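Student: Numbered per full-length UniProt numbering, the sequence shown finishes at 417, counting up by one with no gaps.
Ideal Cβ placement from N, Cα and C applies to all residues, glycine included.
Note that the structure is predicted; figures quoted are calculated from it, not measured.
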Amino acid sequence: MKSLISKMRRPPGPVLIVEDREDNQMLLAGICESIHVPFQLAENGKVALELLSLNEVSVFLVDLMMPVMDGKSFIRELKKLKSDAVILVQTAIDGTDEIIEIMKMGVYDYLVKPLNVDLVKTTLLKALEYRYLIDIEKVLLRDESKELREQLEWLNYKETARKSSQSSTEVTAIYNLKTTLSQGSGFGAMTTLIDTIVQTSTRNENGTVTIDGEFFQVLEENNNHTKSMLRGLASAVEILESKVELTKTFSGEIVSRIEKVASHLASAAATKSITINLPMIKSEVKLLVNLELLSLCFKELLLNAIKYANASTAIDCFITLTDGYFCISFKNQLPNDIYSDISEDSQKSLVLPFFRMHPPVEALHKEEPFSLGLGLTMVDFIANKHHGMFFIRKAKDHTSKDVGFCTIAELFLPIQI
1 MKSLISKMRR
11 PPGPVLIVED
21 REDNQMLLAG
31 ICESIHVPFQ
41 LAENGKVALE
51 LLSLNEVSVF
61 LVDLMMPVMD
71 GKSFIRELKK
81 LKSDAVILVQ
91 TAIDGTDEII
101 EIMKMGVYDY
111 LVKPLNVDLV
121 KTTLLKALEY
131 RYLIDIEKVL
141 LRDESKELRE
151 QLEWLNYKET
161 ARKSSQSSTE
171 VTAIYNLKTT
181 LSQGSGFGAM
191 TTLIDTIVQT
201 STRNENGTVT
211 IDGEFFQVLE
221 ENNNHTKSML
231 RGLASAVEIL
241 ESKVELTKTF
251 SGEIVSRIEK
261 VASHLASAAA
271 TKSITINLPM
281 IKSEVKLLVN
291 LELLSLCFKE
301 LLLNAIKYAN
311 ASTAIDCFIT
321 LTDGYFCISF
331 KNQLPNDIYS
341 DISEDSQKSL
351 VLPFFRMHPP
361 VEALHKEEPF
371 SLGLGLTMVD
381 FIANKHHGMF
391 FIRKAKDHTS
401 KDVGFCTIAE
411 LFLPIQI
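#1: Less than 8 Å between the beta carbons of Phe412 and Tyr308, yes or no?
#2: Could you give the uninterrupted runs of the alpha helix (DSSP H) lying entirely in the UniProt domain "Response regulatory" (14 to 128), keeping only those of 4 residues or more?
#3: Taking the CB atoms as reference points, tell me whether Lys45 and Asp70 lie closer together than 8 Å.
#4: Start and end of the alpha helix (DSSP H) containing Leu376?
#5: How would you write the range of the alpha helix (DSSP H) that Thr226 sits in, first residue to last?
#6: Roughly how many angstroms lie between the CA atoms of Ile408 and Leu287, to the nearest whole one?
#7: Keeping to the same chain, check which residues put their C-beta closer than 6 Å to that of Asp316; ignore five residues upstream and five downstream.
#8: Tell me which same chain residues have a C-beta within less than 6 Å of the C-beta of Val107, skipping the five on either side of it?
#9: Say whether chain E places a C-beta atom closer than 8 Å to the C-beta of Ile274.
#10: Just how far apart, CA to CA, sit Gly13 and Lys121?
#11: Taking Gly213 as the reference, give the member of Glu56, Ser201, Gly207 and Asn224 with the closest Cα.
#12: Tell me whether Asp397 is buried or exposed, calling it buried when 16 or more other Cβ atoms sit within 10 Å of its Cβ.
#13: Among residues of its own chain, excluding the 5 on either side of Pro11, which ones have a beta-carbon nearer than 7 Å to its beta-carbon?
#14: Quick check on Gly375: buried or exposed, where buried means 16 or more other Cβ atoms within 10 Å of its Cβ?
#15: Mind checking which residues open and close the beta strand (DSSP E) that includes Val244?
#16: Less than 8 Å between the beta carbons of Thr271 and Ala314, yes or no?
#17: Do the segment 249 to 256 and the segment 383 to 393 make contact, defined as three or more Cβ pairs closer than 8 Å?
#18: Relative to the C-alpha of Leu302, which residue among Glu292, Ala268 and Leu321 is closest?
#19: Assuming Leu140 contacts Thr320 (C-beta within less than 8 Å), just tell me the rounded distance between them.
#20: What is the residue span of the beta strand (DSSP E) that Asn277 lies within?
#21: Residues bridged to residue 421 by DSSP?
#22: From Val379, Phe60, Glu284 and Glu241, pick the residue whose C-alpha is nearest to that of Leu294; which is it?
#23: Taking just the CA atoms, how far does Glu367 sit from Gln199?
Laid out in structure tokens, this is it:
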């Protein structure tokens with residue numbers, strides 16, 4: 001379980017070790033190698049600044065006492081160039097005044113010499129994750145503001161289109177339902193199977209019918225799929241017909257619900273060796289929500305990510321605050337197949353009733369809170385009932401060395417003042 005629900009994330013850039021003593025350089029380099037983190041060496045602050053102009057660095061491991069340019073001078077110059085630099089300081093002085101002075105410089109943490117290897121590893125991994133989250137938050141905030149503007153334009157367009165072409169929307173929904181029912185197990189497969197049984201089975205003199213055992217097993221499996229479809233459809237209808245009650249909640253409770261859903265789906269993720277990276281929250285905000293409905297949204301979005309993500313990859317969950325909204329994001333890598341080429345029009349269609357980009361993943365039908373291609377439609381409906389917004393988009397993934405494509409599903413909830 002712990003290996004599947006991990007909070008450890010790393011940026012692609014190397015650690016820059018700014019240290020003049022060769023023995024300490026070797027020690028810190030060995031620690032980086034042991035946790036499979038790339039690194040570079042600089043014997044003083046001046047050399048480090050020169051390297052910084054050539055490379056993007058993730059974390060700075062800085063010794064205070066060095067020739068040419070000492071640690072404090074380097075940190076001051078570094079902060080002018082990169083105000084959000086993540087810095088770990090090595091110091092031989094463990095006095096309170098010295099530590100306070102160091103932390104006031106905006107460093108992430110400090111390490112007291114002689115260095116404890118295990119403590120250095122733990123602190124370095126935390127610093128790398130912090131850098132990763134800063135980078136992700138920058139990208140998300142930039143994209144979310146853009147998406148919010150585009151979403152408002154899309155909502156206006158949808159309303160205009162609805163008024164001018166209601167019949168076209170209904171025809172599209174009916175076509176999508178027909179396609180969904182004919183795909184995979186369930187209604188379509190059952191009708192074909194029953195026709196085959198009628199044609200091949202033997203009717204006995206006493207009126208009983210002998211059915212091939214394999215046919216019966218497949219019929220039973222399809223019956224279970226059909227029950228799941230009807231259950232999911234009934235769940236959707238119940239929510240659509242119910243009055244949604246919202247209560248005041250702190251954002252920490254939202255994160256707890258995500259963790260609970262992720263824990264429940266860990267075994268499903270394990271079948272594809274997928275890791276679920278849980279969100280981290282910097283500050284509490286007040287929200288007006290229905291926790292049970294949001295839990296269904298989280299389950300739908302995490303299941304969607306598990307079903308369509310590459311095997312042996314990670315699903316990243318993030319929390320950001322943007323333009324008065326509390327944004328929950330779920331990101332998964334896209335496989336390089338025919339379904340990964342998602343146009344903007346197709347992305348907008350993903351929330352339409354019964355619409356599917358992919359064939360159904362039948363192995364997880366028992367876990368799906370909804371069915372028949374209604375999952376993202378219901379997430380969109382629940383978001384609207386929270387006076388929020390939902391959209392799902394294809395984006396470039398800059399969190400690894402090789403830039404690829406990913407899917408990001410984002411749920412926006414208005415922050416209460």
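Tutor: Answer, in terms of the structure:
#1: It is not a contact, given that the beta carbons lie outside the stated cut-off.
#2: Whole alpha helix (DSSP H) segments, 4+ residues: 22 to 34, 45 to 52, 71 to 81 and 96 to 104.
#3: The question names Lys, but residue 45 in the sequence shown is Gly. Yes, the Cβ-Cβ distance between Gly45 and Asp70 is below 8 Å.
#4: Note, Leu376: alpha helix (DSSP H), Gly375 to Lys385.
#5: That run of the alpha helix (DSSP H) goes Gly213 to Glu241.
#6: Rounded to whole angstroms, Ile408 to Leu287 spans 22 Å at the Cα level.
#7: Correct list, in chain order: Asn277 and Lys331.
#8: Within the same chain, Val107 has close Cβ partners Ile87 and Val89.
#9: In summary, chain E is missing from the structure at hand, where a single protein chain is found.
#10: A direct Cα-Cα distance of roughly 17 Å separates Gly13 from Lys121.
#11: Among Glu56, Ser201, Gly207 and Asn224, the Cα nearest to that of Gly213 belongs to Ser201.
#12: Around the CB of Asp397, 16 or more other CB atoms lie within 10 Å, so the residue is classed as buried.
#13: Ser58, Leu128, Arg131, Tyr132 and Asp135, listed in sequence order.
#14: It is buried - the Cβ of Gly375 has at least 16 other Cβ atoms within 10 Å.
#15: Premise fails: Val244 is in no beta strand (DSSP E) and is neither H nor E.
#16: Their beta carbons are not under 8 Å apart, which means Thr271 does not touch Ala314 by this criterion.
#17: Here the segment 249 to 256 does not lie against the segment 383 to 393, with fewer than 3 beta-carbon pairs under 8 Å apart.
#18: Of the candidates Glu292, Ala268 and Leu321, the one whose C-alpha sits nearest the C-alpha of Leu302 is Ala268.
#19: Between Thr320 and Leu140 the Cβ distance is about 5 Å, and since that is below 8 Å, they are a contact.
#20: Asn277 -> beta strand (DSSP E) spans Thr275 to Asn277.
#21: The first residue shown for the chain is 1 and the last is 417, placing residue 421 beyond what the model contains.
#22: It is Val379.
#23: If you take the alpha carbons of Gln199 and Glu367, they lie about 34 Å apart.
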